[in-house]
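What follows is one structure encoded as structure tokens, with my remarks underneath.
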Amino acid sequence: MWAFINKLRSPKWFYAISAKLQPLFWVAATLLLGVGTIWGLVFAPEDYQQGNSFRIIYVHVPAAFLAQSIFVSMAVSGLVFMVWKIKVADMAATVMAPLGAAMTFVALFSGAVWGVPTWGTWWMWDARLTSMLILLFLYLGVIALRGAFSSRDSGSRAASVLAMVGVINIPIIKYSVDWWYTLHQPATFTITGRAAMTMDMWAPLLIMVLGFYCFFIALTLMRTRSEILRREANKHWVRELAEETN
Amino acid sequence: MAFSSLNEFFAMGGHAVYVWAAWGVTALLMLVIVWHARQERRQLLNVVKRRVRRENAQRNAQPSHAQPLQEPVTSAQKDVRHDA
Amino acid sequence: MHAPQGGLVVAIKATLKRDLTLMLRRRGEVLNPLVFFALVITLFPIGISPDPELLSTIAPGLLWVAALLAALLSLDSLFRSDYDDGSLEQLLLAPQPLAALGLAKVAVHWLLTGLPLALMAPLLGIMLSLPAGSYAVLALSLALGTASLSLIGAIGAALTVGLARGGVLLSLLVLPLYIPVLIFGAGAVQAAIFGEGIAAHLAILGALLALALMLAPWAIAASLRISING
Chain A
21 MWAFINKLRS PKWFYAISAK LQPLFWVAAT LLLGVGTIWG LVFAPEDYQQ
71 GNSFRIIYVH VPAAFLAQSI FVSMAVSGLV FMVWKIKVAD MAATVMAPLG
121 AAMTFVALFS GAVWGVPTWG TWWMWDARLT SMLILLFLYL GVIALRGAFS
171 SRDSGSRAAS VLAMVGVINI PIIKYSVDWW YTLHQPATFT ITGRAAMTMD
221 MWAPLLIMVL GFYCFFIALT LMRTRSEILR REANKHWVRE LAEETN
Chain B
140 MAFSSLNEFF AMGGHAVYVW AAWGVTALLM LVIVWHARQE RRQLLNVVKR
190 RVRRENAQRN AQPSHAQPLQ EPVTSAQKDV RHDA
Chain C
400 MHAPQGGLVV AIKATLKRDL TLMLRRRGEV LNPLVFFALV ITLFPIGISP
450 DPELLSTIAP GLLWVAALLA ALLSLDSLFR SDYDDGSLEQ LLLAPQPLAA
500 LGLAKVAVHW LLTGLPLALM APLLGIMLSL PAGSYAVLAL SLALGTASLS
550 LIGAIGAALT VGLARGGVLL SLLVLPLYIP VLIFGAGAVQ AAIFGEGIAA
600 HLAILGALLA LALMLAPWAI AASLRISING
């Protein structure tokens, strides 16, 4: 395990190994998202209560899961960077933040759109959407803080601290918002609050969730590699590599 | 199949606007993200290639120097801060 | 040669005394948040409606949000002047743990901003027709809550103290983290109005404060190091 961590200290090693991993995840993402999309949009039965608008679940839930998971990954990467001084971890954290923010936005947008036929309103301060909105602000804060420092290393360390503080707060925020919402809206209607989804409804959901995760991993590998190119541009191996690629 | 015709599929039982708006924005965003990532990579490789070419040209132009001159950092070459 | 334990207590006392003296000298910095609090509360009846019945229903939230914003505004004075004159750097060089010294600074800050806000709130509650039976809870919840707000806010203040326009960024960083305190603080006051149990809310506010006391000092110290060494 320590050997692995030590290897991670070399961006060059990570660049090489991620070159092999990346295509696997892209292929997996494409397959899973393709199958999930067709299954969810075409074959899954419509919901007896919500009709076909329930199909939004197949993008809303995966995006929401990713939004939260990416923040946790970002915080863990930040921790690895601060504790073990592994630059690649910081590079990964740097590229994860915008994707996480984008997924949070997707969750918010799809959730709000879903609310129109469901609640008759374009925005609803329910627990899930409110938590997602707060999460979006947390993401924006990390991105803004990293960019506010003139020294890249200071920005990285500051963003790592903030991500770690944020990740501790996320369960607290979720709990508080849930509590707040049930207090003010006793007749709650949660988007996935259904008694039981039949298998032909949740199977495509599972596939979509896996597809989104593979997308996240593939994209993060790709953009971390680019970040390596950006930061290590002076290194000999990067120059050789650039000369080799067409 | 939950729909008996293509028209029915697009209509989504009257919820077309919502379903296609949500799915459409998601798909569009993901495609833009991938396109941007590839563009970013291409740009970074080009920057390095240009610099290598320039240094090679300099080296060839001054064969008396044992070491290639260290290029002064211009604004084009400074570490491009990643623009989230 | 003092024993390390004695050295720590001495250093904390010295920090407390110094910060108290300095802050009391800058009376403006102590009064500004209070005036801001009162002003913001004045804006709401003007912007919404002077109807006492309406105001009384939204008073708990208004009071808590206005106090929270006033506390946020006061965070700038926590580290900035020390950063500007170099004494913050000296603090980093001290042999005593930075977490403890930072905690001392935050304690003074709360004593001179959070606590006054909490004590002033009932007065403003009268102006918003806050229903009877909730005034004590208002002050108590604010006293507990602003302590957490000072601790959490200090992390943001430490991260941004070296930045040129850190003020706005500070708000963006800190406000999402304030939300749980707001929820249970305002919730406590509302529970008091409806005659429901306030113990749960105050207990959670206490738990949040305990968590902040345990974790924030380390984050504050790490953040100060980043801002100064960067």
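Protein chains in written order, with my numbering: chain A, 21 to 266; chain B, 140 to 223; chain C, 400 to 629.
Don't be surprised by glycine CBs; every beta carbon is placed ideally from N, CA and C.
Exercise for review: Within its chain, find whatever has a CB closer than 8 Å to the CB of Leu-407 of chain C; leave out the 5 residues flanking it on each side and keep chain order.
Suggested key: Hits under 8 Å: Gln-495, Pro-496, Ala-499.
Check your understanding: What is the DSSP secondary structure of Gln-495 of chain C, reduced to helix, strand or coil?
Key -> Three-state result, Gln-495 of chain C: coil.
Check your understanding: What span of residues does the alpha helix (DSSP H) with Ile-76 of chain A cover, start to end?
Key -> No alpha helix (DSSP H) holds Ile-76 of chain A; DSSP gives it neither H nor E.
Review point. So, does the CB of Ile-90 of chain A fall closer than 9 Å to a CB anywhere in chain B?
Key: Interface annotation, Ile-90 of chain A: not in contact with chain B, CB-CB separation never under 9 Å.
Practice item. Keeping to the same chain, check which residues put their C-beta closer than 8 Å to that of Ala-83 of chain A; ignore five residues upstream and five downstream. Key: Excluding residues within five positions, the ones whose Cβ falls inside 8 Å are Met-123, Thr-124, Val-126, Ala-127, Ser-130, Phe-232.
Point to revise | C-alpha distance - Ile-211 of chain A paired with Met-228 of chain A, whole-angstrom precision | key: Reliability of the predicted coordinates at Ile-211 of chain A is poor, the pLDDT of 49 falling under 50, and the value obtained from them is presented with this limitation in mind. If you draw a straight line from the Cα of Ile-211 of chain A to the Cα of Met-228 of chain A, it comes to about 17 Å.
Point to revise | Span of the alpha helix (DSSP H) around Gln-228 of chain B | key: Outside the shown range of chain B (140 to 223) lies residue 228 of chain B, about which nothing can therefore be said.
Exercise for review: Please confirm if Gly-161 of chain A has its CB atom under 9 Å from at least one CB of chain C.
Suggested key: Closer than 9 Å to some Cβ of chain C, the Cβ of Gly-161 of chain A qualifies, so yes.
Review point. How long is the line joining the alpha carbons of Arg-177 of chain B and Glu-247 of chain A, rounded to whole angstroms?
Key: Their backbone Cα atoms lie some 12 Å apart in a straight line.
Review point. How about Ser-73 of chain A and Pro-31 of chain A: are their beta carbons less than 9 Å apart?
Key: In this structure, the beta-carbon distance from Ser-73 of chain A to Pro-31 of chain A does not fall below 9 Å.
**Study point:** Straight-line Cα distance separating Ile-154 of chain A from Val-92 of chain A
**Key:** Each residue's Cα considered, the two are about 15 Å apart.
Point to revise | Members of the region 545-561 of chain C near chain A, C-beta cut-off 7 Å | key: Per Cβ criterion, the list reads Ile-554, Leu-558.
Practice item. Quick one: grab the DSSP three-state call for Asp-334 of chain A. Key: The shown model of chain A, from 21 to 266, leaves out residue 334 of chain A, and the question about it has no answer.
Review point. Who are the neighbours of Ile-76 of chain A on chain C, taking C-beta pairs under 7 Å?
Key: Neighbours of Ile-76 of chain A on chain C: none; closest Cβ ~26 Å, over 7 Å.
**Study point:** Interface flag, Phe-101 of chain A vs chain D, CB-CB below 9 Å
**Key:** The structure shown has no chain D; the protein chains it does contain are A, B and C.
Point to revise | Asp-67 of chain A - partner residues in DSSP beta bridges | key: When DSSP reads this structure, Asp-67 of chain A sits in a beta bridge with A:Gly-71.
Check your understanding: What residue ranges within the region 99-169 of chain A form continuous alpha helix (DSSP H) runs of no fewer than 4 residues, ordered along the chain?
Key -> Counting only runs of 4 or more residues that sit fully inside the region 99-169 of chain A, the alpha helix (DSSP H) segments are 107-139, 147-168, in chain order.
Review point. Considering Thr-559 of chain C, what are the terminal residues of the alpha helix (DSSP H) in which it resides?
Key: For Thr-559 of chain C, the enclosing alpha helix (DSSP H) starts and ends at 534-559.
Exercise for review: List the residues of chain A whose Cβ lies closer than 7 Å to the Cβ of Pro-579 of chain C, in chain order.
Suggested key: At a C-beta separation below 7 Å, Pro-579 of chain C has these neighbours in chain A: Ile-192, Ile-193, Ser-196.
Check your understanding: Considering only C-alpha positions, which residue in the set C:Leu-604, C:Ala-542, C:Asp-450 is nearest to Met-526 of chain C?
Key -> From the listed residues C:Leu-604, C:Ala-542, C:Asp-450, the smallest Cα separation to Met-526 of chain C is found for C:Asp-450.
Review point. Buried or exposed: which applies to Val-62 of chain A, given that a residue is buried once 16 or more other Cβ atoms fall within 10 Å of its Cβ?
Key: Residue burial annotation: Val-62 of chain A is exposed, with fewer than 16 other C-beta atoms found within 10 angstroms of its C-beta.
Review point. In chain order, what residues of the same chain lie with their CB nearer than 7 Å to the CB of Ala-615 of chain C, ignoring the 5 residues before and after it?
Key: If the five residues before and after Ala-615 of chain C are omitted, its C-beta is found closer than 7 Å to the C-beta atoms of Leu-550, Ile-551, Ala-553, Ile-554, all from its own chain and listed in chain order.
Point to revise | Residues that Phe-142 of chain B contacts on chain A, provided the C-beta gap is smaller than 8 Å | key: Result: Val-62.
Point to revise | Of the residues A:Ile-58, A:Val-47, A:Trp-104, the one placed nearest Ala-23 of chain A, counting alpha carbons only | key: For Ala-23 of chain A, the closest C-alpha among the options A:Ile-58, A:Val-47, A:Trp-104 is that of A:Trp-104.
Practice item. May I ask you to report which of helix, strand or coil DSSP gives Ile-597 of chain C? Key: Note: Ile-597 of chain C maps to coil in three-state DSSP.
Check your understanding: Relative to chain A, which residues along the region 151-164 of chain B have a C-beta separation below 9 Å, given in chain order?
Key -> For the region 151-164 of chain B, the beta-carbon criterion of a distance under 9 Å to any beta-carbon of chain A is satisfied by Met-151, Gly-152, Gly-153, His-154, Ala-155, Val-156, Tyr-157, Val-158, Ala-160, Ala-161, Trp-162, Val-164.
Point to revise | Neighbouring residues, chain C, relative to Val-181 of chain A (Cβ below 8 Å) | key: Residues of chain C passing the Cβ test: Ile-554, Leu-558, Ala-618, Ala-621, Ser-622, Ile-625.
Point to revise | 6 Å Cβ shell around Asp-418 of chain C - same chain, five flanking residues per side excluded | key: Lys-504, Val-507.
Review point. Looking at C-alpha atoms only, which residue of C:Arg-564, C:Val-573, C:Ala-493 is the closest neighbour of Asn-189 of chain A?
Key: With respect to the C-alpha of Asn-189 of chain A, the residue from C:Arg-564, C:Val-573, C:Ala-493 having the closest C-alpha is C:Val-573.
Practice item. Can you say whether Ser-533 of chain C is buried or exposed, counting buried as having 16 or more other CB atoms within 10 angstroms of its CB? Key: When all chains shown are included, Ser-533 of chain C counts as buried.
Practice item. Count the other CB atoms, across all protein chains shown, that sit within 10 Å of the CB of Ile-440 of chain C; report buried if there are 16 or more and exposed otherwise. Key: A residue is called buried when at least 16 other Cβ atoms come within 10 angstroms of its Cβ; Ile-440 of chain C meets this threshold and is buried.
Review point. Okay, do the region 184-201 of chain A and the region 569-587 of chain C touch, 3+ Cβ pairs below 8 Å being the bar?
Key: Touching, per the Cβ criterion.
Exercise for review: Pull up the distance between the alpha-carbon of Ala-621 of chain C and that of Met-422 of chain C, whole angstroms please.
Suggested key: If I take the Cα positions, the gap works out to 24 Å.
Exercise for review: Verify the CB distance criterion: does Ala-253 of chain A have a CB-CB separation below 9 Å to chain B?
Suggested key: Closer than 9 Å: yes.
Review point. With Gly-427 of chain C and Tyr-482 of chain C assumed to form a contact (beta carbons below 8 Å), what rounded beta-carbon distance in angstroms separates them?
Key: Not confirmed; about 19 Å, so no contact.
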